[in-house]
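Enquirer:
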Amino acid sequence: MNRKRGLISDTFKVKKRRIGSEKFGTARVRDEPTDIKSTLEYIMTLFPRKIFNDALPKIVLKHQLYSLHNDKTLVDKELLMFQLGFDTEAFGLTFASDYKAKVLAGEEGKVTRATVEKFLEKLLTSSCIDLSFSKDKMLREFLFTDSEITQLVKSGVLTVRDAGSWWLSIPNSGKFTKYFIQGRKAVLGMVKKSKYGEVLQAELEGRRTTSQVKFHMKYHIHDIVGADLVKSISTTSGTLLRFVDS
Numbered sequence: 001m002n003r004k005r006g007l008i009s010d011t012f013k014v015k016k017r018r019i020g021s022e023k024f025g026t027a028r029v030r031d032e033p034t035d036i037k038s039t040l041e042y043i044m045t046l047f048p049r050k051i052f053n054d055a056l057p058k059i060v061l062k063h064q065l066y067s068l069h070n071d072k073t074l075v076d077k078e079l080l081m082f083q084l085g086f087d088t089e090a091f092g093l094t095f096a097s098d099y100k101a102k103v104l105a106g107e108e109g110k111v112t113r114a115t116v117e118k119f120l121e122k123l124l125t126s127s128c129i130d131l132s133f134s135k136d137k138m139l140r141e142f143l144f145t146d147s148e149i150t151q152l153v154k155s156g157v158l159t160v161r162d163a164g165s166w167w168l169s170i171p172n173s174g175k176f177t178k179y180f181i182q183g184r185k186a187v188l189g190m191v192k193k194s195k196y197g198e199v200l201q202a203e204l205e206g207r208r209t210t211s212q213v214k215f216h217m218k219y220h221i222h223d224i225v226g227a228d229l230v231k232s233i234s235t236t237s238g239t240l241l242r243f244v245d246s
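Take the sequence shown: its letter number 151 is residue 151 in full-length UniProt numbering, and every next letter is one higher.
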């Protein structure tokens, strides 16, 4: 792996959560969500649907929840989880109903719609929704033909994992990944370039953003804290974010 690629990988890797590390916003405000589902819904309000012409479901990265909670257990049949591709530890979450609505809206008038609708029906009624699907499962359990699997890949609900298996995916999410990565890099750079490599969260939230930051600043802050790219420290002046030198 060349040096440039290595630097990109290091910057965007989600670090394993350290036991006892400070939680984002330790000095909590009264209206901050206190349970996992409420936290998920709160972060979803920061998702910029207009940028994507309301074609994508609201996406939250699993590690963003860690910026507000240490509890890593999240079992909810209303949710779907996706491997986002730019990092093996980065998983996206979205509500199943929102995902279904956006996928079917995007399939309107297309020859692949019936196959996609059949897949969603089997997927959302399954007792256990997997991140990926083997060819054996698609053929024997879901009863799809090779031709139908090809249609699902073409529509974007499946993406190739390796020979004979596929990831569940969000159609047309490439733009989201692009904006997310460039925004993370820009916001992380703001923290790193601050005096002593640290900045008050409130100050960072109030900064004017560059064209590289398409999402709400808080969306990116929850990301870099949850991914342990910065350390969140409670001070008398408010929450301090300190760059973590890897």
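Glycine included, C-beta positions come from ideal geometry on N, C-alpha and C.
#1: Less than 8 Å between the CB atoms is what I'm expecting for Glu205 and Lys218, so what's the real figure, rounded?
#2: DSSP has Met81 in a bridge; who is on the other side?
#3: Following the continuous alpha helix (DSSP H) through Tyr133, name the residue where it begins and the one where it ends.
#4: So for Ser169, helix, strand or coil by DSSP?
#5: Are the region 154-162 and the region 100-114 touching by the rule of at least three beta carbon pairs closer than 8 Å?
#6: For Thr177, which residues in the same chain have their Cβ closer than 7 Å to its Cβ, ignoring the five residues on either side in sequence?
#7: If you follow the beta strand (DSSP E) that Leu200 is in, where does it begin and where does it stop?
#8: Between the region 160-167 and the region 209-216, do three or more beta carbon pairs fall short of 8 Å?
#9: Using the C-alpha atoms, what's the distance from Lys102 back to Val187?
#10: First and last residue of the beta strand (DSSP E) that includes Ser232?
#11: Report buried or exposed for Arg30, applying the criterion of at least 16 other Cβ atoms within 10 angstroms of its Cβ.
#12: With C-beta atoms as the reference, is Leu56 less than 8 Å away from Ile36?
Expert: Reading it off the structure:
#1: Position 205 of the sequence shown, counted from the start, is the residue given in the question as residue 205. Position 218 of the sequence shown, counted from the start, is the residue given in the question as residue 218. Contact holds; Cβ gap of about 6 Å.
#2: For this step, residue 81 is matched to residue 81 along the sequence shown. BP columns for Met81 point to Leu93.
#3: Here residue 133 corresponds to residue number 133 of the sequence shown, with the count starting at 1. Per the sequence shown, the amino acid found at residue 133 is Phe instead of Tyr. That residue, Phe133, is in no alpha helix (DSSP H); its beta strand (DSSP E) goes 132-134.
#4: For the purposes of this step, residue 169 is taken as the residue at position 169 of the sequence shown. Of the three classes helix, strand and coil, the one that applies to Ser169 here is coil, per DSSP.
#5: Using a Cβ-Cβ distance cut-off of 8 Å, the region 154-162 and the region 100-114 are in contact, since at least three pairs of beta carbons, one from each stretch, lie closer than that value.
#6: Residue 177 sits at position 177 when you count from the first residue of the sequence shown. Closer than 7 Å at Cβ, skipping near neighbours: Leu84, Gly85, Phe86.
#7: Position 200 of the sequence shown, counted from the start, is the residue given in the question as residue 200. Counting along the chain, the unbroken beta strand (DSSP E) around Leu200 starts and ends at 198-200.
#8: At 8 Å Cβ cutoff, the stretches do not touch.
#9: As a first step, residue 187 must be located in the sequence shown, where it is residue number 187. As a first step, residue 102 must be located in the sequence shown, where it is residue number 102. Distance between the alpha carbons of Val187 and Lys102: 29 Å.
#10: For this step, residue 232 is matched to residue 232 along the sequence shown. DSSP places Ser232 in the uninterrupted beta strand (DSSP E) bounded by 230-235.
#11: Indexing the sequence shown from 1 puts residue 30 at position 30. Only weak support is given to the placement of Arg30: the predicted model assigns it a pLDDT of 35, under 50, and the value that follows is read from those uncertain coordinates. Here Arg30 is exposed, its C-beta having fewer than 16 other C-beta atoms within 10 Å.
#12: Translated into the one-based positions of the sequence shown, residue 56 becomes position 56. Translated into the one-based positions of the sequence shown, residue 36 becomes position 36. 8 Å or more divides the Cβ of Leu56 from the Cβ of Ile36.
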